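Residue numbers (UniProt numbering): 1 to 137.
Using N, Cα and C, we set each Cβ at its ideal position, and we do this for glycine too.
Source: prediction; values computed, not measured.
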């Protein structure tokens, strides 16, 4: 309710904090379906790129969380680009694989994620799942 109140009084839903993250990015880091739905209903851009080093979208952050698929599906159904790359050419599937979020990876694959996409160092999500030391997000 606080989010809705602030937005109704002119708060910019896409305003970013000092880290370059907007409300939807912060909500995606610790995904709560109620909060994410509220932000989407208020017009948050599901494909908004953060201004932080990674240039990640909300789907990237959800994919690296303990979401278990519910918020992942919500973002995709709201129009999130499944294979949108971040600044390192990581897709959400790369993030899920590099963080050991295999259930989320399965959901992304079921929703059409391309497992052959390579990051800027030529690594696939499968490569990252074998060596999680590359998880730097």
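Cα separation between residue i and residue j?
{"i": "residue 68", "j": "residue 31", "result": "10 Å"}
{"i": "residue 128", "j": "residue 10", "result": "42 Å"}
{"i": "residue 44", "j": "residue 54", "result": "19 Å"}
{"i": "residue 59", "j": "residue 38", "result": "16 Å"}
{"i": "residue 18", "j": "residue 5", "result": "22 Å"}
{"i": "residue 120", "j": "residue 40", "result": "31 Å"}
{"i": "residue 25", "j": "residue 36", "result": "10 Å"}
{"i": "residue 85", "j": "residue 115", "result": "13 Å"}
{"i": "residue 130", "j": "residue 8", "result": "46 Å"}
{"i": "residue 51", "j": "residue 12", "result": "16 Å"}
{"i": "residue 42", "j": "residue 48", "result": "14 Å"}
{"i": "residue 122", "j": "residue 87", "result": "14 Å"}
{"i": "residue 78", "j": "residue 1", "result": "21 Å"}
Determine the burial state of residue i: buried for a count of at least 16 other Cβ atoms within 10 Å of its Cβ, exposed for fewer.
{"i": "residue 90", "result": "buried"}
{"i": "residue 57", "result": "buried"}
{"i": "residue 65", "result": "buried"}
{"i": "residue 103", "result": "exposed"}
In terms of DSSP beta bridges, what is residue i paired with?
{"i": "residue 22", "result": "16"}
Under 7 Å Cβ to Cβ from residue i, same chain only, skipping five residues before and after it: list those, please.
{"i": "residue 82", "result": "76, 92, 108, 111, 112, 113"}
{"i": "residue 15", "result": "22"}
Using a Cβ-Cβ cut-off of 6 Å (strictly less than) and excluding sequence neighbours within five positions of residue i, which residues of its own chain qualify?
{"i": "residue 29", "result": "61"}
{"i": "residue 70", "result": "33"}
{"i": "residue 72", "result": "62, 104, 107"}
{"i": "residue 134", "result": "Low confidence applies to residue 134: its pLDDT is 46, below 50, so where it sits in the model is not reliable enough to give any reading."}
{"i": "residue 20", "result": "50, 51, 52"}
Determine whether the beta carbon atoms of residue i and residue j lie at a separation below 8 Å.
{"i": "residue 46", "j": "residue 80", "result": "yes"}
Please work out which residues of its chain come closer than 8 Å, Cβ to Cβ, to residue i, disregarding the five sequence neighbours upstream and downstream, and give them in chain order.
{"i": "residue 117", "result": "83, 85, 89, 91, 93, 94, 124, 125"}
Quick one: does the C-beta of residue i sit closer than 7 Å to a heavy atom of the ligand MN?
{"i": "residue 74", "result": "For the ligand MN, the structure offers nothing, since it holds no ligand at all."}
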